[in-house]
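Numbering (the working numbering), first residue to last: -9 to 237.
Structure first, commentary second.
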Ligand SMILES: [Zn+2]
């Protein structure tokens, strides 16, 4: 999977990443920020793991979206609750289409000037430096000689959000039962983290079943082809059900 970000670091805007696998998930946990560096492939002029903290957030999120699609596929299903009648229903959309739309609506700011003053785009390093405090963030990005005026903060934040949006959206869909519009906030990063957690839980449960049955190590179990593992677990569960049934 290869792609190109919008701003990049220095002259580097290209990247290539491999899909996430169980070994990485088991070793590093379900944290997208720890898994992303491992997924990156080396290449001349490619973004490297060291670049990630310095990347503008939109670039980083585009890479996370790419990693998501490469690992789980581009189709996303979201469960929504109707606020009116309580019906639960699901809405499906294509991550790739959505990302394409976000890219089209984006206004990249090469000059990054606001009120005649230069500013920086938010990065993970900058976010960490202000401890994710949104108010402090605006002042940290502003690079004027004098402080950012209080009555210009909202307009400045809007400018930054346009140049460097987060991949988040309000999903709207009509309820199939009553027709009322139901909404749900979707963030790419949150959704990726949820998928990784579910995956890791299943993986750990598989490892637990095999380890307690055969006394194999986690490393040995992870080395098994997935099909073998699934077949073994099916057999173990079938046998346990039979044992229970015979009592
Ligand atoms: Zn409804």
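Backbone N, C-alpha and C fix where the C-beta goes; we use that ideal spot for every residue, glycine too.
Predicted, not measured: the structure shown is a model, and the values here were computed from it.
(message) Measuring only the C-alpha atoms, how far is residue 59 from residue 147?
(response) 30 Å
### Query
Roughly how many angstroms separate the alpha carbons of residue -2 and residue 53, rounded to a whole number?
11 Å
Q. Which first and last residues belong to the alpha helix (DSSP H) in which residue 17 is found?
A. 12 to 18
Next on the checklist: Under 5 Å, CB to any heavy atom of ligand 1. Which residues pass, going along the chain?
Outcome noted: 72, 74, 75, 77, 165, 167, 168 and 170
Exercise. With DSSP run on the structure shown, which of helix, strand or coil describes residue 135?
Worked result: coil
query = How should residue 25 be labelled, buried or exposed, when 16 other C-beta atoms within 10 angstroms of its C-beta is the threshold for buried?
reply = buried
- Query: Just checking my contact of residue 223 with residue 200 at CB under 8 Å: how many whole Å lie between their CB atoms?
  - Reply: 7 Å
Length-filtered (4 minimum) alpha helix (DSSP H) runs lying within the segment 173 to 212: 178 to 204
Does DSSP put residue 229 in a helix, a strand or coil?
helix
Note to self: residue 108 and residue 68 - do their beta-carbons sit closer together than 8 Å?
What the structure shows: no
Would you call the CB atoms of residue 47 and residue 154 closer than 8 Å? yes
Problem set entry | Three-state class that DSSP yields for residue 309 in the structure shown | Here the chain comprises residues numbered -9 to 237, so residue 309 is not present and cannot be evaluated.
* For the putative contact between residue 162 and residue 175, defined by C-beta atoms under 8 Å, what is the C-beta separation to the nearest angstrom? -> Not confirmed; about 11 Å, so no contact.
Note to self: By the three-class DSSP mapping on this structure, what secondary structure does residue -6 have?
What the structure shows: strand
Note to self: Please tell me whether residue 8 and residue 36 are closer than 8 Å, where the distance is taken between their beta carbons.
What the structure shows: no
Q) Which residue's Cα is closest to the Cα of residue 4: 196, 33, 119 and 40? A) 33
- Query: What are the boundary residues of the alpha helix (DSSP H) that residue 86 is part of?
  - Reply: 85 to 95
ask   = Can the beta-carbon of residue 178 be found closer than 8 Å to that of residue 212?
value = no
Can you give me the start and stop residues for the alpha helix (DSSP H) that residue 27 sits inside?
22 to 29
Every unbroken alpha helix (DSSP H) inside the segment 45 to 71 [4 residues or more]: 47 to 62
Start and end of the alpha helix (DSSP H) containing residue 115? 114 to 119
Where does residue 205 land, buried or exposed, given buried means 16+ other C-beta within 10 angstroms? exposed
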